[in-house]
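Trainee: Attaching a single structure in C-alpha cells format; questions to follow.
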Amino acid sequence: MTEATWYAPRNSMTKPRIASGPRSFMRLPVVEEPLTASGPVDIAVVGVPTDSAVSYRSGARFGPEAIRSASILLRDHNPATGVNITTDLSMVDAGDAPVVPGYHDLTLQRLQQHLEPLYRAGIVPLILGGDHSLVMAEMRALAAVHGKISVVHFDAHGDVLDDYYGVKHFHGTMFRRAVEEGVVDPARSIQLGMRGSVHPDDVDAGVALGYEVIPWPELDTLAPQEVGRRIRARVGDSPVLVSFDIDFIDPAYAPGTGTPEVGGPSTYRTVQYLRALGPLNYVGLDIVEVAPPYDHGDITSHAAAVVAFELLGQVAVSRRERRQGARPAATAAVDSVTGVSGGTLATGSPALPSVSHQNLTSMESLALVGGCNLSDGHPRMPLTETQRDIVRSLDGLFAEAAKRPFLEIETEAHSLFLRGIGQHRAPLGTGRLVSCYSSSVAMDIAARALATRTNDVALVHPTFDNIPDLLKARGLRLHPVEEQELTHGELALPDEVGAVFVTTPNNPTGWVMPADSLRRLAEMCARTGRVIALDTCFRAQDERAQYDTYQILEEAGPEWLVIEDTGKLWPMLELKAGFLAWGANTRLPLADAFSDVLLSVSPMVLLLIARLAQDANDGGYRDLRRLIADNRQLVSDAVLDGPLALTDPDARISVARLTLPENGVDAQKLYEELLSRGVHTLPCDAFHWARNDDGRRFLRVSLARSRDELAAGIRVVAEVAARQAGHR
C-alpha cells in the first residue's frame, strides 16, 4: 500500500515565486482528478469564473485568475497568528468549476454537482468567484450533505432582496432564497458590514428573515474580539460557510468590484475581524465579487488573496483541534433578539481543569470566547445612540489628541469622570493622580509600593481574587478582615499589619463601606501609622459609594491611595483604564513605580473617556443603574420557586450572588455543568481567598447584559440547579 500524498506549496526558495509554473493559488499543486481518490485533502481551491447575475458592473468572471496571480506572493506562515497553514492542512488547487456563460440557472446546477462530492469527502472548498450568486450552489450542495447550515456573511449588502429585475436568482437575492429553500438556518447565521443606500423595505429584511445583522455603523463600534465572540455565540458548533464579498472592504482599499459601497472598513480592520473568528466547524469558504477590470495595481486581488489566507488559518486551527479530539470552543447559538436561539443553549464547551486550578480572571476570559456570558462583570450591552455618536467622532478625537498637551487631556478626563461620581476633592493636576491602562496595573503598582513599607496587609474578605493574587505576588502576607468588622467598629489588627486594603463597593457581595465607617478607619490608620488603600472600581454603579472619599481621607490624615476604574461603565474594553491617586503626605514610592511601567493611557483614549463621562453625567449613569436594578429583580424572580436564592438583594453593582442549597450542590459542580451547557458563571470559592470552603455555596452571575440574554441564561442556571438539588 503506497503512502498517501501530502499536498503543500512548491518551495519558493528553489524556484522563484513568479516562475512557479501553471498559475495556481499560493503555488499549490494543481490536482483536478477526483479528489476523493487522490490522498488526504483538506482544502480544494475552486475557481468559479461567472458573472452572469450581476446588477451593475461585470468583470467578476476574471476574479479567480486575478486572485490566484496575487496569491503567489503568500507564504505558509502567518507571524501575526503563529499559524502555518501547511502544517495542518493538505491543500490543492482543483482548477475551475464548469460554468455556462449567460445561463445562470445551468451554472448553478453544474456548480452544485461539482461541489457536492467534495463536501461528502470532508474537503473544504475555497471558492474564488465570480459573482456572489454562486453561493446558492454552495449552500444547496452543503445542505445536501449536512442539512441546514450556518452562514457567516461579510458584505456591504445583505443580499436578501425578493427579486431583481423580476428575477428570483440574482446576486442580491441568495440569502432570502436560502431561507425559503430551507438550506440555511438563519437563527444560527450572521451578516456583517451592511451599509450604503437601499430601498426602505430592505433595511430590516435580513432581521425579518431571522438573521442576526450587524450593519457597518454598529460593527465599527465593536472591538474585533467582541465581533468574534458574537459570531461564535451565534453559530455554535453547526456546520458553517464563511461567505466573503470583497465589497465588504471600503473601495479605497478594494476598488476592483462590481457594486462598491464607500465608507467601510480598511483592509487591516478586515484582517482583524477574520483573525477573531476563532475555531468553528468550517465546511465551506468563498471570496467573491473581485472584478479586476476596475482594480488599481491589483490591490483588490491582493486583498482577496489575504482574506483567503486568513480564513485558511482559522480552518487550520479548527482542524488541528478536531484531530486532537477537541470540539471548537463555540457554545451557544445566540438569537439576535432573545440572546439565545429558542431560549436553549448549545453544548460543546471545551473541558476545563477543576475550579481550584483556575483563577477568576481566566474564567472570565474563557467567557469571551463564546456562549452566554454571565461571568464577566463588565457591561456587555449595545451602545446607546449618544455613545455611538461619540464613537463616530473618533477621527476628530484623534486630531484633537495630536494637538492638545497630554496633561490637559488627562486632567479633563479625570475631572469629568471623578466629579460625575461625586469625587470633588480628588488631587486633579497635582501629579498624584495618574492613568494606567487597566485597574489591575494600578493594583500592581500599589502592591509594589506597599511592599516597600510593610510585609503584612489586612484585606477585606471575600473579594475578587486578583487582588490577593497581586498582593501576594509582591511578597505581602494577607490578613482577612470581614465586611462586618469594617462597618461596625475599629479593627483589632496585629501590630505587624502596616496597611489596610478595602474594596468598596465590594465584588461579589455589593457591600459598600459607609462614609462614617471609612472616616473611623482612616482616623485609626492615621493614629497607628498604617496606610489605607481603597479599590473603588464599582463606585459609579452604586450611588451609596459616591460620598467624597478624597475629602474624608484628606481630613482624617492617613497615608492613602485610591484605585478607580472606567471599565465598569461602557461596553468597550478599549476604555478599561485605571486611575491611581494618593495623598500629599503619602510617602510610598508610587510615582517611581508608575514611571517604571513606561506606558500611560493614550491621549485619544482619555479624550474618548472624557466624552463618554460627560454623556454619562447627563444621564447615562442613571440608565446603567436602572438596567442593573431591573436585571437583579429579573434574577430574583427567575429563581423564586427553585433551590436558588438571591444572596445580596440590596446590592447594586453589576454582579449578583446566588445561594445554593446545602443538599449536595456546590459551586464547582454547578459551574462545570453550566459551562457544558454554554453558560459562563463564576463559582465563589475563589472570592473567599482565605477560606475557600465559605464560598462553595455561592455562584456569581453578571447583570450588565441585555434583558433577554440574561433571562435565557438564568433560566438554564435555575434548571440545572434544580436538577442537581433533586427538585422537580
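Going by the working numbering, the sequence shown opens with residue 46, and the numbers climb by one from there. All residues carry an ideal CB built from backbone N, CA and C; glycine is no exception.
1. Within the region 738 to 769, note down every full beta strand (DSSP E) run reaching 3 residues or more, in order along the chain.
2. Pull up the CB-CB distance for Val-505 and Thr-548, whole angstroms please, since I reckon it's below 8 Å.
3. Skipping 5 residues on each side, what residues in its chain have a beta carbon closer than 6 Å to that of Val-333?
4. Can you tell me whether DSSP reads Asn-282 as helix, strand or coil?
5. If you reduce the DSSP assignment to three classes, tell me which class Ser-114 lands in.
6. Give me the Cα-Cα distance between Asn-662 and Glu-754, rounded to the nearest whole angstrom.
7. Counting C-beta neighbours from all protein chains within 10 Å, is the total for Lys-213 16 or more, i.e. buried, or is it exposed?
8. Quick one: what's Phe-289 bridged to in DSSP?
9. Is the beta carbon of Gly-623 less than 8 Å from the beta carbon of Ser-460?
10. Could you please give the first and the last residue of the uninterrupted alpha helix (DSSP H) stretch that includes Val-680?
11. Taking the straight line between their C-alpha atoms, what separation do you get for Ser-386 and His-122?
12. Counting beta carbon pairs with one atom in the region 627 to 639 and one in the region 504 to 520, are three or more of them shorter than 8 Å?
13. From this set, Val-169, Glu-430 and Lys-714, which residue's C-alpha is nearest Ala-770's C-alpha?
14. Rounded to whole angstroms, what's the CA-CA distance from Ala-658 to Asp-282? Just pull it up for me.
15. To the nearest angstrom, how far is it from the Cα of Tyr-256 to the Cα of Leu-237?
16. Give me the Cβ distance between Thr-345 and Thr-302, rounded to the nearest whole Å; I'm assuming they're in contact under 8 Å.
17. What span of residues does the beta strand (DSSP E) with Gly-211 cover, start to end?
18. If contacts are defined as beta-carbon pairs under 8 Å, then Arg-102 and Tyr-339 qualify, I think. What distance do you get, rounded to the angstrom?
19. For Ala-712 and Ala-766, what's the separation of their Cα atoms in angstroms?
20. I'd like the ranges of any beta strand (DSSP E) spanning at least 3 consecutive residues and lying wholly in the region 557 to 591.
21. Between the beta-carbon of Ser-195 and the beta-carbon of Asp-230, is there less than 8 Å?
22. Return the residue from the list Val-762, Ile-235 and Arg-433 that minimises the CA-CA distance to Gly-723.
23. Taking Leu-463 as the reference, give the member of Leu-653, Thr-611 and Asn-418 with the closest Cα.
24. Find out if the Cβ-Cβ distance for the pair Ser-681, Ser-747 is shorter than 8 Å.
25. Would you tell me roughly how many angstroms separate the C-alpha atoms of Asn-676 and Leu-521, rounded to the nearest one?
26. Only counting runs of 3 or more residues, tell me where the beta strand (DSSP E) segments fall wholly within the region 485 to 512, in order along the chain.
27. Between which two residues does the alpha helix (DSSP H) harbouring Pro-262 extend?
28. Should Val-382 be labelled buried (16 or more other beta-carbon atoms within 10 Å of its own) or exposed?
29. Can you tell me the Cα-Cα spacing of Pro-424 and Leu-719, whole angstroms?
30. Select from Asn-129, Val-243, Thr-218 and Val-137 the residue whose C-alpha is nearest the C-alpha of Ala-98.
31. Express the C-alpha separation of Ser-288 and Tyr-327 in angstroms, rounding to a whole number.
32. Does the distance from the C-beta atom of Ala-638 to that of Ile-490 stay below 8 Å?
33. Determine the burial state of Asn-500: buried for a count of at least 16 other Cβ atoms within 10 Å of its Cβ, exposed for fewer.
34. What is the residue span of the alpha helix (DSSP H) that Arg-222 lies within?
35. Start and end of the beta strand (DSSP E) containing Phe-624?
36. Taking the CB atoms as reference points, tell me whether Arg-823 and Ile-235 lie closer together than 8 Å.
Mentor: So, from the listed chains and residues:
1. 743 to 747
2. 5 Å
3. Gly-174, Gly-175, His-177 and Asp-290
4. In the sequence under discussion, the amino acid at residue 282 is Asp, which differs from the Asn named in the question. If DSSP states are grouped into helix, strand and coil, Asp-282 belongs with coil.
5. helix
6. 27 Å
7. exposed
8. Phe-199 and Ile-332
9. no
10. 666 to 683
11. Only weak support exists for where Ser-386 lies, its pLDDT of 32 falling under 50; the coordinates are left without a value.
12. no
13. Lys-714
14. 39 Å
15. 10 Å
16. 6 Å
17. Looking at the DSSP string, Gly-211 is not in any beta strand (DSSP E), and its letter there is neither H nor E.
18. 6 Å
19. 10 Å
20. 576 to 580
21. yes
22. Val-762
23. Thr-611
24. no
25. 38 Å
26. 501 to 506
27. 261 to 264
28. Caution is warranted here: a pLDDT of 26 is assigned to Val-382, below 50, making its placement in the model unreliable, and the coordinate value is therefore given only provisionally. Counting Cβ neighbours within 10 Å, Val-382 comes out exposed, since fewer than 16 surround it.
29. 21 Å
30. Thr-218
31. 11 Å
32. yes
33. exposed
34. 219 to 226
35. 623 to 627
36. Residue 823 is absent from the structure shown; the chain starts at 46 and stops at 773.
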